[in-house]
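Quick notes on the structure that follows.
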Amino acid sequence: MSSALNRIDKHKFAPEIPLVRRLAKEFTLDEATRRSIVEQAAELVRRVRTSPKGPTMLDAFLNEFGLHNDEGVALMCLAESLLRVPDPQTADELIADKLGPAHWDEHLGHSSSLLVNASTWALMLTGR
Numbered sequence: 397m398s399s400a401l402n403r404i405d406k407h408k409f410a411p412e413i414p415l416v417r418r419l420a421k422e423f424t425l426d427e428a429t430r431r432s433i434v435e436q437a438a439e440l441v442r443r444v445r446t447s448p449k450g451p452t453m454l455d456a457f458l459n460e461f462g463l464h465n466d467e468g469v470a471l472m473c474l475a476e477s478l479l480r481v482p483d484p485q486t487a488d489e490l491i492a493d494k495l496g497p498a499h500w501d502e503h504l505g506h507s508s509s510l511l512v513n514a515s516t517w518a519l520m521l522t523g524r
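First residue of the sequence shown? That's 397 in the working numbering, and the numbers climb one at a time after it.
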């Protein structure tokens with residue numbers, strides 16, 4: 397693991413608010429750098445919004461499993477929770493807890509996306 401990843405890993409269970417405050421003090425940016433970052437971010441957003449491509453596979457997945465249904469909320473909670481899980485056994489238990497009771501079968505065939513339908517089947521099998 398690289399030294400940067402080791403330093404990040406060392407703080408993964410640190411209290412978030414004090415850590416962010418400390419990092420904000422340590423890594424101050426001058427006005428020109430901030431302005432450059434904002435301009436680059438705005439340009440990226442403009443390009444994405446004006447892209448001639450249709451919805452992406454991720455868009456299809458988020459449309460099916462968004463925060464408007466219990467399964468989407470379960471996936472979001474799982475993603476956020478897994479960031480703080482200390483070991484593989486706890487991660488497995490958390491996955492079973494979050495995915496097991498969901499009604500994945502209700503999402504079968506709702507989307508024309510192969511990714512969404514394959515993911516739905518995988519989530520159904522995971523929950524068993």
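Every residue gets a Cβ at the ideal spot worked out from N, C-alpha and C, and that includes glycine.
Asked	Found
Can you tell me the Cβ-Cβ gap for Lys494 and Leu510, rounded? I've got them flagged as a contact below 8 Å.	At roughly 24 Å, the Cβ-Cβ gap does not stay under 8 Å, so Lys494 and Leu510 are not in contact.
Report yes or no: do three or more beta-carbon pairs, one from the stretch 481-491 and one from the stretch 501-520, lie closer than 8 Å?	no
Suppose you measure from the CA of His464 to the CA of Ile413; what does that come to, to the nearest Å?	29 Å
State the Cα-Cα distance for the pair Arg445 and Ala438, rounded to the nearest angstrom.	11 Å
Within its chain, find whatever has a CB closer than 6 Å to the CB of Ala456; leave out the 5 residues flanking it on each side and keep chain order.	Ser507, Ser509, Val512
Counting along the chain, where does the alpha helix (DSSP H) carrying Arg418 start and finish?	412-422
Using C-beta distances below 8 Å, list every residue in its chain close to Leu415, excluding the 5 sequence neighbours before and after it, in chain order.	His407
To the nearest angstrom, how far is it from the Cα of His499 to the Cα of Trp517?	11 Å
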